[in-house]
Amino acid sequence: MDAPVRKRKKSAADNKEIISLVNVSKAYSTGAPALKEIDLHINKGEFVFIVGDSGSGKSTLIKLLLRELTITSGSINVMGYDLTRIRHRKIPKFRRNIGIVFQDFRLLKDRNVYENVAFAQRIIQKSSKEIRKNVPSILAVVGLAGKYKAKPRQLSGGEQQRVALARALVNNPSILLADEPTGNLDPKNSWEIMKLLEQINENGTTVLVVTHNREIVNAMQKRVVTLKRGVIVSDEEKGGYIDED
Ligand code: ADP
Ligand code: MG
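For the sequence shown, our numbering gives the first residue as 21, with consecutive numbering after it.
This is the structure:
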């Protein structure tokens with residue numbers, strides 16, 4: 021009798037919502053609202069592509085999830101934090117559990133690979149001993165163990181993005197957000213980054229990837245949320261890239 025009960029409990033935990041937006045709108049001080057009445061629910065452990073034309077609100081959504089921006093109306097909950105009510109002093113602690121990767125890598129140019137990744141650990145006051153353990157281990161995951169002394173300018177775009185990924189992951193976040201992570205990469209490096217994101221997701225991290233890469237989205241058969249002028253026009257399991265009209 022015990023076994024089925026345990027099983028049910030496990031699946032309930034796996035299906036727990038980690039991101040929830042209900043009727044969310046976001047207007048900047050100028051122009052039309054960037055997001056309109058968004059309903060989006062993402063469970064722990066999901067891999068989700070966010071696609072849509074330039075200007076459709078993808079980066080705005082990412083910034084709302086990070087609490088870099090606040091919503092205009094509706095409700096937003098991330099990892100149990102109500103982001104309309106979170107205290108300012110709690111925001112750094114909240115963000116520790118989110119890794120973020122951008123199109124333009126955003127590495128410290130005068131620091132080597134090791135230091136770029138260690139920096140993220142220093143911010144959260146990890147001990148030197150832990151840093152010496154965690155940084156090489158995450159660099160090995162992204163395939164850069166041998167390049168820890170290189171400066172960003174000595175690396176290819178794909179390698180720089182892998183450093184950014186290592187930096188986003190070293191603090192072991194629950195959620196990884198990637199805003200057009202392959203936007204500056206060639207097809208081969210784009211695939212390598214996407215495969216790494218998939219591997220990270222398979223290890224339990226919830227992953228959201230904003231992308232324009234139609235071929236990759238169609239091939240990977242993940243959940244695809246399509247935004248158009250601030251509205252979710254489709255949300256499909258094992259979806260594809262919807263052609264613009
Ligand atoms: P995407 O990432 O899909 O290209 P964005 O979320 O960056 O779209 O932008 C959505 C809309 O919001 C666009 O119309 C854009 O011009 C507008 N927008 C984005 N940032 C700002 C801002 N800081 N101030 C005013 N309007 C903005
Ligand atoms: Mg954008």
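Backbone N, C-alpha and C define an ideal beta-carbon position, used for all residues, glycine too.
Give me, in chain order, the residues of the same chain whose beta-carbon lies closer than 6 angstroms to that of asparagine 223; leave out the 5 immediate sequence neighbours on both sides. For the purposes of this step, residue 223 is taken as residue 203 along the sequence shown, with counting starting at 1. Here the set comprises nothing.
Classify glutamate 200 as buried or exposed, calling it buried when 16 or more other Cβ atoms lie within 10 Å of its own Cβ.
As a working mapping, residue 200 is identified with position 180 in the sequence shown. Of the residues assessed, glutamate 200 falls on the buried side of the cut-off, its CB having 16 or more other CB atoms within 10 angstroms.
Does the Cβ of valine 137 have 16 or more other Cβ atoms within 10 Å, making it buried, or fewer, making it exposed?
Within the sequence shown, numbered from 1, the residue matching residue 137 stands at position 117. Looking at its Cβ environment, which holds 16 or more other Cβ atoms inside 10 Å, valine 137 is buried.
- DSSP state of asparagine 209 mapped onto helix, strand, coil: Here residue 209 refers to the residue found at position 189 of the sequence shown. Helix at asparagine 209.
Cβ atoms of alanine 184 and valine 237: under 7 angstroms apart, would you say? Along the sequence shown, read from residue 1 onward, the residue named residue 237 stands at position 217. Along the sequence shown, read from residue 1 onward, the residue named residue 184 stands at position 164. It is not a contact, given that the beta carbons lie outside the stated cut-off.
For the beta strand (DSSP E) that contains isoleucine 14, what are its first and last residues? In the structure as shown, the chain begins at 21 and stops at 265. Residue 14 is therefore absent and cannot be evaluated.
Worksheet entry | Residues whose Cβ lies closer than 6 angstroms to any heavy atom of the ligand ADP, in chain order | Tyr48, Thr50, Gly51, Ala54, Gly72, Ser74, Gly75, Ser76, Gly77, Lys78, Ser79, Thr80
For threonine 80, the first and last residue of its enclosing alpha helix (DSSP H): Here the question's residue 80 lines up with position 60 in the sequence shown. Unbroken alpha helix (DSSP H) run through threonine 80: 78-85.
Cβ shell of aspartate 130 (< 8 angstroms), same chain only, five flanking positions each side left out: Sequence index remark: in the sequence shown, residue 130 carries index 110 (1-based). If we look at aspartate 130 and ignore the five residues flanking it on each side, its Cβ neighbours are Lys171.
Going by DSSP in three states, isoleucine 131 sits in which element: helix, strand or coil?
Start at 1 with the first residue of the sequence shown, and residue 131 comes out as number 111. Here the sequence assigns arginine to residue 131, which means isoleucine is not the residue at that position. Arginine 131 falls in the coil class under three-state DSSP.
Q.
By the DSSP assignment, the beta strand (DSSP E) with asparagine 97 in it spans what residues?
A. Counting from one through the sequence shown, the residue named residue 97 turns up at place 77. Residues 93-98.
message = Using C-beta distances below 8 angstroms, list every residue in its chain close to arginine 28, excluding the 5 sequence neighbours before and after it, in chain order.
response = Against the sequence shown, residue 28 aligns to sequence position 8. Here the model assigns arginine 28 a pLDDT of 41, short of 50, so the residue's position is not dependable, and the following value carries that caveat. Correct list: empty, nothing qualifies.
Sorted by chain position, which residues of the same chain lie with C-beta nearer than 7 angstroms to alanine 188's C-beta, five sequence neighbours on each side aside? Start at 1 with the first residue of the sequence shown, and residue 188 comes out as number 168. The answer, listed in chain order, is Gly119, Ile120, Val121, Leu196.
TODO: Compute the Euclidean distance between the alpha carbons of valine 253 and serine 40, then round it to the nearest angstrom.
DONE: Counting from one through the sequence shown, the residue named residue 253 turns up at place 233. Counting from one through the sequence shown, the residue named residue 40 turns up at place 20. Distance between the alpha carbons of valine 253 and serine 40 is about 17 angstroms.
For valine 227, which beta-bridge partners are listed by DSSP?
-> To locate residue 227, count along the sequence shown from 1; it is residue 207. In DSSP, valine 227 forms a bridge with Phe67, Leu196.
On a Cα-Cα basis, can you pick out the residue from Thr104, Gly72, Ser49, Glu235 that is closest to leucine 85? Here residue 85 corresponds to residue number 65 of the sequence shown, with the count starting at 1. Leucine 85 has its Cα closest to that of Thr104, out of Thr104, Gly72, Ser49, Glu235.
Cβ pair count under 8 angstroms reaching 3, the segment 241-255 against the segment 204-216: By the Cβ test, the segment 241-255 is not in contact with the segment 204-216, since fewer than three Cβ pairs between them sit closer than 8 angstroms.
Quick check on arginine 243: does DSSP put it in helix, strand or coil?
By one-based count along the sequence shown, residue 243 stands at place 223. In this structure, arginine 243 counts as strand in the three-state DSSP scheme.
Margin query: From the DSSP secondary-structure annotation, give me the bridge partner or partners of glycine 119.
Written below: Position 99 of the sequence shown, counting from 1, holds the residue named residue 119. The partner list for glycine 119 (beta bridge, DSSP) reads Leu196.
**Distance between beta carbons of glutamine 174 and phenylalanine 125, contact taken as under 8 angstroms** = In the sequence shown, counting from the first residue as 1, residue 125 sits at position 105. In the sequence shown, counting from the first residue as 1, residue 174 sits at position 154. Actually they are not in contact, since the Cβ atoms of phenylalanine 125 and glutamine 174 sit about 13 angstroms apart, beyond 8 angstroms.
inquiry  = For the alpha helix (DSSP H) containing leucine 185, name the first residue and the last one.
reply    = In the sequence shown, residue 185 corresponds to position 165, counting from 1. 177-189 is the extent of the alpha helix (DSSP H) around leucine 185.
* Asked: What are the boundary residues of the alpha helix (DSSP H) that asparagine 154 is part of?
  -> The residue you call residue 154 lines up with position 134 of the sequence shown. For asparagine 154, the enclosing alpha helix (DSSP H) starts and ends at 148-161.
*asked:* Can you tell me whether leucine 217 is helix, strand or coil according to DSSP?
replied: On the sequence shown, position 197 is the one that residue 217 refers to. If DSSP states are grouped into helix, strand and coil, leucine 217 belongs with the helices.
Using alpha carbons as the reference points, say which of Val251, Asn132, Gly72, Lys64 lies closest to alanine 165.
Against the sequence shown, residue 165 aligns to sequence position 145. Closest option to alanine 165, Cα to Cα, is Asn132.
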